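*Asks:* Quick one: the structure is below, questions incoming.
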Amino acid sequence: MTEQFTVRSFKSGNSVALRLPKGLGIEAGEELIVVPHADGSMTAWRKAQSREAFLRLFGSVSEAFMAQGRGDTDQGDYDWPDTPHHPAAA
592 MTEQFTVRSF KSGNSVALRL PKGLGIEAGE ELIVVPHADG SMTAWRKAQS REAFLRLFGS
652 VSEAFMAQGR GDTDQGDYDW PDTPHHPAAA
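Counting from 592, one number per residue, gives the positions in the sequence shown under my numbering.
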């Protein structure tokens, strides 16, 4: 199981900051990439390791992914509704 840390937010100027425990091994001034998710959770990783994070995600895709190709990707014509951005055809 991954170790879990509880952190507390605080006001820093016009921003909200997180105080991170020393045990995380993050150095002062180190840049992190934080991605918020729709469910309110967040994912963070070191900016210096962003390439490695991408490659881990890419490597997690199974070999069977799209083994059958993309399938039918042809799209038929769409009859746009009469809107200011898509006026009716003359």
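Built from N, CA and C at the ideal position, the CB exists for glycine as well.
Since the model is a prediction, treat every value here as computed from it, not as a measurement.
What does DSSP give as the partner residue(s) for Thr-634 in the beta ladder?
*Replies:* Mapped onto the sequence shown, residue 634 falls at position 43. Looking at the DSSP assignment, Thr-634 forms a beta bridge with Val-626.
*Asks:* So the candidates are Asn-605, Ser-603, Leu-615; which of them puts its Cα closest to the Cα of Thr-593?
*Replies:* In the sequence shown, counting from the first residue as 1, residue 593 sits at position 2. Selected option, being the one with the closest Cα: Leu-615.
*Asks:* Whole angstroms is fine: what's the gap from Ser-600's alpha carbon to His-628's?
*Replies:* Working through the sequence shown from its first residue, we reach residue 600 at position 9. Working through the sequence shown from its first residue, we reach residue 628 at position 37. In a straight line, the C-alpha of Ser-600 is about 18 angstroms away from that of His-628.
*Asks:* Taking C-alpha atoms, which residue in Arg-642, Pro-612, Gly-662, Lys-613 lies nearest to Ile-624?
*Replies:* Sequence index remark: in the sequence shown, residue 624 carries index 33 (1-based). Here the closest residue by C-alpha is Arg-642.
*Asks:* In three-state terms, what does DSSP make of Phe-596?
*Replies:* As a working mapping, residue 596 is identified with position 5 in the sequence shown. If DSSP states are grouped into helix, strand and coil, Phe-596 belongs with coil.
*Asks:* Where Gly-620 and Ser-653 are concerned, what is the direct C-alpha to C-alpha distance, given to the nearest angstrom?
*Replies:* Here residue 620 refers to the residue found at position 29 of the sequence shown. Here residue 653 refers to the residue found at position 62 of the sequence shown. Cα to Cα, the separation comes out at about 36 angstroms.
*Asks:* Suppose the cutoff is 7 angstroms on Cβ atoms and the five residues either side in sequence are ignored; what does the same chain contact list for Arg-610 look like?
*Replies:* Stepping through the sequence shown from its first residue, residue 610 is reached at position 19. Cβ neighbours of Arg-610 beyond the five flanking positions: Val-598, Arg-599, Phe-601.
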